[in-house]
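Asks: Quick one: this structure, given as structure tokens, is what I'll be asking you about.
There are 2 protein chains.
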Amino acid sequence: MGWGDLGAFGEPSKETPNLDQMAAEGMLFLDFYTANPLCSPSRAALLTGRLPVRNGFYTTNGHARNAYTPQDIVGGIQDSELLLPELLKKAGYTNKIIGKWHLGHRPQFHPLRHGFHEWFGSPNCHFGPYDNRERPNIPVYRDWEMVGRYYEDFKIDLKTGEANLTQLYLQEALDFISKQQASQQPFFLYWAIDATHAPVYASKQFLGTSQRGLYGDAVREIDDSIGKILKHLQQLGISENTFVFFTSDNGAALISAPKQGGSNGPFLCGKQTTFEGGMREPAIAWWPGHIPAGGVSHQLGSVMDLFSTSLSLANLPPPSDRQIDGIDLLPAILQGKLIDRPIFYYRGNELMAVRAGLYKAHYWTWSNSWEEHSKGIDFCPGQSVAGVTTHTQEEHTILPLLFHLGRDPGEKYPLSFASEEYQRAVERISGLVQQHKAALVPGQPQLNVCDQAVMNWSPPGCEKLGKCLKAPESDPKKCSWPH
Amino acid sequence: MGWGDLGAFGEPSKETPNLDQMAAEGMLFLDFYTANPLCSPSRAALLTGRLPVRNGFYTTNGHARNAYTPQDIVGGIQDSELLLPELLKKAGYTNKIIGKWHLGHRPQFHPLRHGFHEWFGSPNCHFGPYDNRERPNIPVYRDWEMVGRYYEDFKIDLKTGEANLTQLYLQEALDFISKQQASQQPFFLYWAIDATHAPVYASKQFLGTSQRGLYGDAVREIDDSIGKILKHLQQLGISENTFVFFTSDNGAALISAPKQGGSNGPFLCGKQTTFEGGMREPAIAWWPGHIPAGGVSHQLGSVMDLFSTSLSLANLPPPSDRQIDGIDLLPAILQGKLIDRPIFYYRGNELMAVRAGLYKAHYWTWSNSWEEHSKGIDFCPGQSVAGVTTHTQEEHTILPLLFHLGRDPGEKYPLSFASEEYQRAVERISGLVQQHKAALVPGQPQLNVCDQAVMNWSPPGCEKLGKCLKAPESDPKKCSWPH
Numbered sequence: 015m016g017w018g019d020l021g022a023f024g025e026p027s028k029e030t031p032n033l034d035q036m037a038a039e040g041m042l043f044l045d046f047y048t049a050n051p052l053c054s055p056s057r058a059a060l061l062t063g064r065l066p067v068r069n070g071f072y073t074t075n076g077h078a079r080n081a082y083t084p085q086d087i088v089g090g091i092q093d094s095e096l097l098l099p100e101l102l103k104k105a106g107y108t109n110k111i112i113g114k115w116h117l118g119h120r121p122q123f124h125p126l127r128h129g130f131h132e133w134f135g136s137p138n139c140h141f142g143p144y145d146n147r148e149r150p151n152i153p154v155y156r157d158w159e160m161v162g163r164y165y166e167d168f169k170i171d172l173k174t175g176e177a178n179l180t181q182l183y184l185q186e187a188l189d190f191i192s193k194q195q196a197s198q199q200p201f202f203l204y205w206a207i208d209a210t211h212a213p214v215y216a217s218k219q220f221l222g223t224s225q226r227g228l229y230g231d232a233v234r235e236i237d238d239s240i241g242k243i244l245k246h247l248q249q250l251g252i253s254e255n256t257f258v259f260f261t262s263d264n265g266a267a268l269i270s271a272p273k274q275g276g277s278n279g280p281f282l283c284g285k286q287t288t289f290e291g292g293m294r295e296p297a298i299a300w301w302p303g304h305i306p307a308g309g310v311s312h313q314l315g316s317v318m319d320l321f322s323t324s325l326s327l328a329n330l331p332p333p334s335d336r337q338i339d340g341i342d343l344l345p346a347i348l349q350g351k352l353i354d355r356p357i358f359y360y361r362g363n364e365l366m367a368v369r370a371g372l373y374k375a376h377y378w379t380w381s382n383s384w385e386e387h388s389k390g391i392d393f394c395p396g397q398s399v400a401g402v403t404t405h406t407q408e409e410h411t412i413l414p415l416l417f418h419l420g421r422d423p424g425e426k427y428p429l430s431f432a433s434e435e436y437q438r439a440v441e442r443i444s445g446l447v448q449q450h451k452a453a454l455v456p457g458q459p460q461l462n463v464c465d466q467a468v469m470n471w472s473p474p475g476c477e478k479l480g481k482c483l484k485a486p487e488s489d490p491k492k493c494s495w496p497h
Numbered sequence: 015m016g017w018g019d020l021g022a023f024g025e026p027s028k029e030t031p032n033l034d035q036m037a038a039e040g041m042l043f044l045d046f047y048t049a050n051p052l053c054s055p056s057r058a059a060l061l062t063g064r065l066p067v068r069n070g071f072y073t074t075n076g077h078a079r080n081a082y083t084p085q086d087i088v089g090g091i092q093d094s095e096l097l098l099p100e101l102l103k104k105a106g107y108t109n110k111i112i113g114k115w116h117l118g119h120r121p122q123f124h125p126l127r128h129g130f131h132e133w134f135g136s137p138n139c140h141f142g143p144y145d146n147r148e149r150p151n152i153p154v155y156r157d158w159e160m161v162g163r164y165y166e167d168f169k170i171d172l173k174t175g176e177a178n179l180t181q182l183y184l185q186e187a188l189d190f191i192s193k194q195q196a197s198q199q200p201f202f203l204y205w206a207i208d209a210t211h212a213p214v215y216a217s218k219q220f221l222g223t224s225q226r227g228l229y230g231d232a233v234r235e236i237d238d239s240i241g242k243i244l245k246h247l248q249q250l251g252i253s254e255n256t257f258v259f260f261t262s263d264n265g266a267a268l269i270s271a272p273k274q275g276g277s278n279g280p281f282l283c284g285k286q287t288t289f290e291g292g293m294r295e296p297a298i299a300w301w302p303g304h305i306p307a308g309g310v311s312h313q314l315g316s317v318m319d320l321f322s323t324s325l326s327l328a329n330l331p332p333p334s335d336r337q338i339d340g341i342d343l344l345p346a347i348l349q350g351k352l353i354d355r356p357i358f359y360y361r362g363n364e365l366m367a368v369r370a371g372l373y374k375a376h377y378w379t380w381s382n383s384w385e386e387h388s389k390g391i392d393f394c395p396g397q398s399v400a401g402v403t404t405h406t407q408e409e410h411t412i413l414p415l416l417f418h419l420g421r422d423p424g425e426k427y428p429l430s431f432a433s434e435e436y437q438r439a440v441e442r443i444s445g446l447v448q449q450h451k452a453a454l455v456p457g458q459p460q461l462n463v464c465d466q467a468v469m470n471w472s473p474p475g476c477e478k479l480g481k482c483l484k485a486p487e488s489d490p491k492k493c494s495w496p497h
């Protein structure tokens, strides 16, 4: 989902009454970022509080290449990483993930081995369908074992876009919450729905209900579900004791627009890029009785802050043996304080850009290659800013491109190199970059090696279902990451 | 001001708390349009309820050219046109215009000759300053006579952007409202402020207060002023008896961005164009006790509807001797009804595009000429849609370009000519176009002839101030309209 997909963020169809209401009762974050313009690294960052370049969710196969966890990926989340649910578990929380995991699908990366008590969902993205010969269909797990596969047991109709997955995920969430409330158990629910990821889907009751087509139907179903979850918390009487945060893992995938992709509002480009459209996210914090209603925050925030903020809410100290990139947002949320901190925009192994205050400096610019672009793969459809949305990787390390995101949220007007304003801002940001790079210990890159043998051929539980497939010979290769 | 300049419409700095509050207490219109992507024709349409091509605010000097009322224009609003204040006057309303008139500056076009009782403001736009030799500075009138000139008596500091004009206009508004309330007089106030038009200005107390630079300062001052006006109505106890509507006369002037131009949110291009960014406007209706709070309307609306709606509020019938393009919006505002009606997008003498429902058909496309574009005049900075944002006037009459504005508000993805959806929608729109063109009686074009002799050399009242200037010989010429 993109920054511009919610009514509260100016989507012109205004079809998200529940999220808008959540914002009206809570706090809207206007300057909130993901840690990477792609799914897996963003989710790994959220759960570890660390940049993908530290937690290993990046590739060194090519410079500044986006990478994720397709089912032939060999890597995944390392045991050495401390995940939010692992820490919360020690404090007595019951943790559940519903939906897409995306931190590796091999046994050692299973979410229940990394702090979650329960899981209903899939290890990889729901695209496909596959033929179960070259590539198996993606399994859906309940806890330790698979309970079926997408397209076989969990239908997604690629023609109509119909799938009832969001309803399944909603029911899972409501049941889990009820159970925890009944047992007076503190809980962490990671509700990682994926209906707005291509192939976009919605349940029958939502199909055709949006002005925005199928993508809008999916947004409406998510919005409706969130309304039901919040209402459930209120009806159970635990809303004042439950912190809820809504955000997204990357900007809207404009490459899939308009049918399968959303809106990044006034921002430049989308998913896959380190322009604002790729990394600025819708974000809402909700906690009745604690967060003042109708709040609007310009705090620079990150999905990694959800790690630190959640620990703070649970009265747990953040790990002290490693660099944590997230910060505790509670002072910003509860007391309206503004914490001065930079935002680092990575693409793979490269620090592409840095934001400090309202200034953003690009050290590298790239949308995608000419070769891809000429095939119609476009991360910035309808947008083109000379020298900015470049189709070759352009280095600007000596004279970074500088934008003032207040006056120019669309990154269209680089500041003059000769201006005093440029000098002052770049000096400051350069200092932050030096400091950041000096302290950086990159993690072992997990997204370098692919092997057809590691795909979801025979997930645990496949025997009971008669759904085991025969894996081919192992043939490890460097994964190919075209952008 | 543009659609995307308000927090309620997704401006990422969220600096319009008063307008956002107005929306929260009233009704937000998401599909509201001006009648022309330029100032004068838009204002003439608002006050007459008629398209510029009918009321004469257009030119035939060139095809599809934007035209307005610079001070060498010979034409203006004709006596044969019926203006909203003329009609309200008959029903006992006291009418005041504060700010920019823009319907002609020669004596016969004076607002007090067209239904207004009072005026404080200027006949032309506040740009300049001029040298009083080649071009006089624009006068500011109080009622029948000038009381000074911009830059001389009404300062605008072009270096700092400081000017207290919005404060003057605010005080005028508050005083006028108080007076009418005291005399129990029904009133019509046309508050036509212009701080967001280049040269953008703000009062000292607002300078530097916005994340968005000077343009944002101007928006903040307007927002603050509107908050004060609404509060004043409430304090006087007449808010439940006063209908307030906020909108703009054209999309944000992206040619002046980022310092002097605003945001059209997710829409294509800006002022001067018939893309959504040029003509879709922010719009809010407010009438406590009548309009349900927090309403959101997808009614296709137009500034011309303010004519018809105001008459309806005053229990006056619309003129029956001429074609009125505006419709009464009260059923949409008070009962949430959706009235099916098209939106016609004109540029000068050409019907460029038509919207019906969520479909928009372009019969002509043009941003501006290659010649202008190569000089850096850009109505779509950072945006470029092949075959759509054309730099030559492209006719599509036989196969109009069709967009679905729900799925594709940014007009980036024309529908396939071969699709059934295209056939169905274009058939319907073509019928509307035929009907419209068959009934169209174009007005005498007022924006064809320019003459240096008619400029504001010696406005009424200039003698008292010693501000009369000597007019040059009359030398009427065809006005030059480059885009």
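Chains A and B are the protein sequences, given in the same order.
Per this note's numbering, the very first residue in the first sequence carries number 15; after that it's consecutive.
Per this note's numbering, the very first residue in the second sequence carries number 15; after that it's consecutive.
Note that beta-carbon positions come from the ideal geometry of N, C-alpha and C, so glycine has one too.
Tell me, please, which residues DSSP counts as bridged to residue 364 of chain B.
Replies: Per DSSP, B:361.
Asks: Can you name the residues of chain A whose CB is closer than 7 Å to the CB of residue 27 of chain B?
Replies: By Cβ distance, chain A contributes 420.
Asks: Does the beta-carbon of residue 198 of chain B, which I'm using as the reference point, lie nearer than 7 Å to any heavy atom of the ligand SAH?
Replies: The model depicted lacks the ligand SAH and carries no ligand whatsoever.
Asks: Quick one: what's residue 397 of chain B bridged to in DSSP?
Replies: BP columns for residue 397 of chain B point to A:397.
Asks: Against residue 397 of chain B, what residues of chain A qualify as contacts under a CB-to-CB distance less than 8 Å, listed in chain order?
Replies: Here the neighbours are 396, 397 and 398.
Asks: Based on the DSSP output, what are the partners of residue 160 of chain B in its beta bridges?
Replies: Beta-bridge pairing links residue 160 of chain B to B:155.
Asks: Any idea if residue 226 of chain A is buried or exposed, counting beta-carbon neighbours within 10 angstroms, 16 or more meaning buried?
Replies: With 16 or more other Cβ atoms within 10 Å, it is buried.
Asks: Give the interface partners of residue 52 of chain B over in chain A, defined as CB-CB distance under 8 Å, in chain order.
Replies: Ordered by position in chain A, no residue passes the 8 Å Cβ test against residue 52 of chain B, which lies about 23 Å from the chain.
Asks: Per DSSP, residue 257 of chain A is paired with what?
Replies: Paired residues: none, contrary to the question.
Asks: Can you tell me the Cα-Cα spacing of residue 112 of chain B and residue 203 of chain B, whole angstroms?
Replies: Answer to the nearest angstrom: the Cα atoms are 8 Å apart.
Asks: Which of the three DSSP states, helix, strand or coil, is assigned to residue 311 of chain A?
Replies: Correct three-state label for residue 311 of chain A: strand.
Asks: Should residue 267 of chain A be labelled buried (16 or more other beta-carbon atoms within 10 Å of its own) or exposed?
Replies: Under this definition residue 267 of chain A is a buried residue.
Asks: How is residue 1 of chain B classed by DSSP in three states: helix, strand or coil?
Replies: In the structure as shown, chain B starts at 15 and stops at 497, and residue 1 of chain B therefore has no counterpart that could be examined.
Asks: For a quick check, are the C-beta atoms of residue 296 of chain B and residue 261 of chain B less than 8 Å apart?
Replies: Their beta carbons are under 8 Å apart, which means residue 296 of chain B touches residue 261 of chain B by this criterion.
Asks: Considering only DSSP beta bridges, list what residue 215 of chain A is partnered with.
Replies: Paired residues: none, contrary to the question.
Asks: On the premise that residue 74 of chain A lies in contact with residue 462 of chain A, defined as a C-beta separation below 8 Å, what is that separation, rounded to the nearest angstrom?
Replies: Rounded, the Cβ-Cβ distance is 6 Å, consistent with contact.
Asks: In chain order, what are the residue ranges of uninterrupted beta strand (DSSP E) at least 3 long that sit wholly in the segment 91-156 of chain A?
Replies: With a minimum length of 3 residues, the continuous beta strand (DSSP E) runs that stay inside the segment 91-156 of chain A are 108-113, 132-135 and 153-156.
Asks: So if I threshold CB-CB distances at 9 Å, which residues from the segment 79-112 of chain B count as touching chain A?
Replies: So nothing in the stretch comes that close.
Asks: If we define contact as Cβ-Cβ less than 8 Å, is residue 199 of chain B a contact residue for chain A?
Replies: So no, residue 199 of chain B is outside the interface.
Asks: Using a beta-carbon distance below 8 Å, is residue 226 of chain A in contact with chain B?
Replies: Judged by the 8 Å Cβ criterion, residue 226 of chain A is in contact with chain B.
Asks: Pull out every residue of the segment 288-314 of chain A whose Cβ sits closer than 7 Å to any Cβ of chain B, in chain order.
Replies: Going along the segment 288-314 of chain A in chain order, one finds 310 with a Cβ nearer than 7 Å to chain B.
Asks: Kindly list, in the order they appear in chain A, the residues whose Cβ is closer than 9 Å to that of residue 433 of chain B.
Replies: Simply none; closest approach about 13 Å.
Asks: Suppose you measure from the CA of residue 426 of chain A to the CA of residue 280 of chain A; what does that come to, to the nearest Å?
Replies: Taking the straight line joining both Cα atoms gives about 11 Å.
Asks: Look at the alpha carbon of residue 169 of chain A and the alpha carbon of residue 416 of chain A, and state the distance between them as a whole number of angstroms.
Replies: Approximately 47 Å between the Cα atoms of the pair.
Asks: Excluding five sequence neighbours on each side, which residues of the same chain lie with their C-beta closer than 7 Å to the C-beta of residue 378 of chain B?
Replies: Around residue 378 of chain B: 78, 364, 366, 407, 408, 409 and 410.
Asks: What does the alpha-carbon distance come out to for the pair residue 228 of chain A and residue 399 of chain A?
Replies: If you take the alpha carbons of residue 228 of chain A and residue 399 of chain A, they lie about 30 Å apart.
Asks: Who are the neighbours of residue 372 of chain A on chain B, taking C-beta pairs under 7 Å?
Replies: Per Cβ cutoff of 7 Å: 225.
Asks: Which chain A residues are close to residue 277 of chain B, counting only those with a beta carbon under 9 Å from its beta carbon?
Replies: The answer, in chain order, is 280, 423 and 424.
Asks: Measuring CB to CB, does residue 524 of chain B end up less than 8 Å from residue 321 of chain B?
Replies: Shown here, chain B extends from 15 to 497; a query on residue 524 of chain B therefore has no answer.
Asks: Note the first and the last residue of the continuous alpha helix (DSSP H) segment covering residue 477 of chain B.
Replies: Run containing residue 477 of chain B: 476-479, per the alpha helix (DSSP H) assignment.
Asks: Run the CB neighbour count on residue 58 of chain B, radius 10 Å, all protein chains shown included, and call it buried at 16 or more, exposed below.
Replies: Residue 58 of chain B is buried by the Cβ-count criterion.
Asks: Assign residue 349 of chain B to one of two classes, buried (16 or more other C-beta atoms within 10 Å of its C-beta) or exposed (fewer than that).
Replies: Flag for residue 349 of chain B reads exposed.
Asks: Within the segment 430-459 of chain A, note down every full alpha helix (DSSP H) run reaching 4 residues or more, in order along the chain.
Replies: Complete alpha helix (DSSP H) runs here, min 4: 434-453.
Asks: Quick test of your reading: residue 309 of chain B and residue 41 of chain B, contact by CB under 8 Å. State the CB separation rounded to the nearest angstrom.
Replies: Confirmed, about 4 Å.
Asks: What are the boundary residues of the alpha helix (DSSP H) that includes residue 294 of chain A?
Replies: Run containing residue 294 of chain A: none in the alpha helix (DSSP H); it sits in the beta strand (DSSP E), 294-300.
Asks: Tell whether a beta-carbon distance below 8 Å holds between residue 237 of chain A and residue 32 of chain A.
Replies: In contact: residue 237 of chain A and residue 32 of chain A (Cβ atoms closer than 8 Å).
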